[in-house]
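Sequential numbering of the sequence shown, starting at -7, is according to this note's numbering.
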Amino acid sequence: RPPVEQGEPAIVIGDGMVGQWAAQTLAWRGADVMLVGRHPDRLAKFTQGICVNAHETDWVQTALDRYGKIVQVCVDTVGSVSAVEASYALMRKYGHIVSAGFYGTEDQLRLQPPRYGELSIDLVSGWARDRMDKTLELIAEGVLKTAELITHRFPVDQAAEAWELIESKRKPVLGVILEW
């Protein structure tokens, strides 16, 4: 939903499924995308821009070095108020913040700082028929990669094991499918 022109900088925070799809979509729309995450295996799946491992590198400094203060779009898919607030220093005037993460009860985002840059904040939740139709079209055309993001498949009667794998983080996992 945020406006972005060819070559404009966009940052996606989070290398999970939502972050991967957001980064792919912004790249398809022509943005110069930086995907910020913490999982080398997940970051390696995004090949349409640059990836920054936030465990190894200061992502804000990397973005400043690469783009300066002209980022058009920053998408938070992890629900980090501190990451959103850190992104303010990167945003161009009239830039767009997209909140696609879950903030739980710690969702106190101060509104005055983004006001100084006249930033827009999109709060996404749910879906709309037109957007879902476009998403399915992009998947069918191979623009949005989904199969490559599936790392595990389980029969439905092993749903508990699938959930334990996700929760335990004992090995790399991204997309988990329950087969019916």
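Glycine is no exception: its CB is placed at the ideal position from the N, C-alpha and C atoms.
Since we're looking at a predicted model, the values are computed, not measured.
| query | result |
| --- | --- |
| Sheet register partners of E171 (DSSP bridge) | P147 |
| Cβ neighbours of V10 in the same chain (closer than 7 Å, five flanking residues each side left out) | T69 and A92 |
| Cutoff 8 Å; reference K61; Cβ partners in own chain excluding five residues on either side | A81, L82, M83 and R84 |
| Reduced DSSP category for Q40 - H, G, I as helix; E, B as strand; rest coil | coil |
| Three-way DSSP call (helix, strand, coil) for K163 in this model | coil |
| C-alpha gap between W13 and Q40, whole angstroms | 11 Å |
| Host beta strand (DSSP E) of I113 (start-end) | S112 to L115 |
| Beta-carbon proximity check, L111 vs I89, cutoff 8 Å | yes |
| Closest residue to D50 among D149, V67, V65 and L27 (Cα-Cα distance) | L27 |
| Other residues of its chain near P164: CB distance less than 6 Å, five sequence neighbours each side excluded | D33 |
| Beta strand (DSSP E) segment containing G29, residue limits | D24 to G29 |
| Helix, strand or coil at Q100 according to DSSP, with G and I counted as helix | coil |
| Contacts around L136, its chain only, beta-carbon distance under 8 Å, and the 5 residues preceding and following it disregarded | W13, Q16, T17, W20, T127 and L130 |
| Assigned secondary structure, Y95 (DSSP; H/G/I helix, E/B strand, else coil) | coil |
| Q12 in three-state terms, based on DSSP | helix |
| Proximity test, T39 beta-carbon vs the ligand GDP heavy atom, cut-off 7 Å | As for the ligand GDP, it is missing from this structure, which has no ligand bound. |
| Segment limits, alpha helix (DSSP H) that includes D33 | P32 to L35 |
| Beta-carbon gap between G(-1) and G22 smaller than 8 Å | yes |
| Where the alpha helix (DSSP H) through A120 begins and ends | Looking at the DSSP string, A120 is not in any alpha helix (DSSP H), and its letter there is neither H nor E. |
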